[in-house]
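Heads up, the thing below is written out as structure tokens.
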Amino acid sequence: MPSSTEAEENLRVIRSLMEKATIYRAVSAPTALAGGVAALVVSTLWMQNLFLKWLESFKWLEPSVDSFRIRWFLALIFTLAVNSLLILREARRRGDPLISPGMRAAMVALLPPMLCGAVFFLIMGPVHTPVYLAVFYGLALLATGHFAPRSIVWLGWSFLIAGLVGYLSIVDGSFSAMCTPDRFMVLTFGGFHFVYAACTWPRKIPVVVPGATRSDV
Amino acid sequence: MFDFDKLDKIIHEKGRLGIMTLLATRPSWSFQDLKAELEMSDGNLITHLRTLHDNGYVAVTKEIRDRPQTSYSLTSKGRKSFQDYLTILEQIVKAGRQ
């Protein structure tokens with residue numbers, strides 16, 4: 001019969017393995033990289049007025065407001081498409097269903113703040129939209145905190161703090177002097193995702209198993 | 218009152234306990250994913266999986282997708298044995314605290 005200490009140790013190992021196996025990363029490193037690239041491309045096109053010229057061909061649009069929404073919506077669609085492809089590829093590799101229990105839990109956690117973000121994205125003007133998006137996106141990532149890796153929680157806090165600081169600077173009138181909505185988007189949705197991708201990119205580390213010999217393999 | 222001598226000796230081994238734990242979290246696991254998660258050598262993992270399979274705890278599925286892939290899952294006997302094992306461990310911990 002094992003001692004109480006040994007039994008406790010075994011239960012601890014079981015708990016930690018189960019937690020590790022059920023961790024779900026809502027934003028993978030390649031998805032973050034795609035998001036960062038999309039933000040950079042969109043802002044570059046915008047700064048060179050290429051995007052505005054293209055939008056002007058659609059007479060029914062109001063360029064000053066709609067171009068902001070449309071270009072960042074396109075960036076979102078691109079990032080989501082990359083994310084879907086990656087999830088599909090990983091599900092096929094594992095032989096798991098596309099909508100895994102982890103993904104379902106993440107969707108349930110992400111939905112309320114993302115829904116709020118979408119509504120604010122549609123109704124607010126371009127000055128306020130970026131800070132609301134950052135706040136709600138940050139809240140969405142933090143909502144997955146109980147089953148997400150620590151890096152996602154850090155990313156969530158970064159967006160939340162940046163959004164709140166942005167909002168306070170809008171309130172005291174310093175936002176437009178320091179930043180434009182597009183710069184804010186590039187700094188947060190571009191910059192933060194680039195940093196996240198760099199920090200979490202999967203690295204192949206040779207694993208040395210003590211006692212393992214070539215004949216084991 | 219539990220009979221502690223009933224503690225499953227097949228599961229009560231560090232490597233096999235890890236395998237049983239992971240198999241309890243998902244419907245099935247591929248060999249490569251188990252290996253990566255448990256950081257075991259191929260030989261160790263194969264030996265433990267064979268022991269579990271021979272005792273009827275683990276089912277093996279071999280299929281060819283892009284390449285041959287072997288996946289493992291808990292049988293109903295394996296799941297029940299794992300639950301019983303957990304229950305007995307909890308009883309031991311409780312008994313130790315009293």
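Chains A and B, in that order, are what the protein sequence lines are. Going by the numbering used here, the first sequence opens with residue 1, and the numbers climb by one from there. Going by the numbering used here, the second sequence opens with residue 218, and the numbers climb by one from there. A virtual CB, placed ideally from N, CA and C, is assigned to each residue, including glycine.
Quiz item: Just curious, the beta strand (DSSP E) that Glu280 (chain B) is in, first and last residue?
Solution: 275–281
Self-check item: Cβ shell of Leu74 (chain A) (< 6 Å), same chain only, five flanking positions each side left out
Solution: none
Exercise. Could you list which residues in chain A have their beta carbon closer than 7 Å to that of Leu239 (chain B), in chain order?
Key: Leu17, Ala21
Quiz item: According to DSSP, what are the bridge partners of Gln286 (chain B)?
Solution: B:Glu280
Practice problem: Flag Ala177 (chain A) as yes when its Cβ comes closer than 7 Å to any non-hydrogen atom of the ligand MG, and as no otherwise. | Solution: For the structure depicted, the ligand MG is absent and the ligand set is empty, with no information on it obtainable.
Quiz item: For Val127 (chain A), which of A:Pro101, A:Pro112, A:Ala7, A:Met185 has the nearest alpha-carbon?
Solution: A:Met185
Self-check item: 4 or more residues per run - each alpha helix (DSSP H) lying fully within the stretch 131–198 of chain A
Solution: 150–171, 175–178, 181–185
Quiz item: Could you give the distance in angstroms between the alpha-carbon of Gly260 (chain B) and the alpha-carbon of Ile227 (chain B)?
Solution: 18 Å
Exercise. Counting only the same chain and skipping the five closest in sequence on each side, list residues whose C-beta sits under 7 Å from that of Ala162 (chain A).
Key: Ala134, Thr188
Quiz item: Anyone know if the C-beta pair for Ser247 (chain B) and Gln286 (chain B) falls short of 8 Å?
Solution: yes
Exercise. Taking 8 Å as the cut-off, decide whether the C-beta atoms of Ala219 (chain A) and Leu239 (chain B) are in contact.
Key: As shown, chain A starts at 1 and ends at 217. That puts residue 219 (chain A) outside it, with no answer to give.
Quiz item: Along chain B, in chain order, which residues have C-beta atoms closer than 8 Å to that of Leu11 (chain A)?
Solution: Leu303, Leu306, Glu307, Val310
Quiz item: How is the alpha helix (DSSP H) around Val119 (chain A) delimited, first residue to last?
Solution: 101–123
Quiz item: Is the number of C-beta pairs between the stretch 40–47 of chain A and the stretch 166–179 of chain A that are closer than 8 Å three or more?
Solution: no
Practice problem: Kindly indicate if chain B contains any beta-carbon less than 8 Å away from that of Ile99 (chain A). | Solution: no
Practice problem: Quick one: list the residues of chain B neighbouring Glu8 (chain A), beta-carbon separation under 7 Å, in chain order. | Solution: Val310
Self-check item: Contact set between Gly313 (chain B) and chain A, taken where Cβ atoms lie within less than 9 Å
Solution: Ser3, Ser4, Thr5, Ala7, Glu8
Exercise. Identify the contact partners of Leu266 (chain B) in chain A, using a Cβ-Cβ distance below 9 Å as the criterion.
Key: Correct list: empty, because the minimum Cβ distance to chain A is about 14 Å.
Quiz item: Taking Cβ positions, are Val153 (chain A) and Leu142 (chain A) nearer each other than 8 Å?
Solution: yes
Quiz item: Along the chain, where does the alpha helix (DSSP H) that runs through Asp225 (chain B) open and close?
Solution: Careful: Asp225 (chain B) lies outside any alpha helix (DSSP H) and carries neither H nor E.
Quiz item: Considering only residues of the same chain and omitting the five flanking positions on each side of Trp72 (chain A), which have a CB-CB separation below 7 Å?
Solution: Val42, Met185
Quiz item: Would you say Pro210 (chain A) reaches chain B, if we count a Cβ-Cβ gap shorter than 8 Å as a contact?
Solution: Its pLDDT being 37, under 50, Pro210 (chain A) is placed unreliably by the model, and nothing is read from it.
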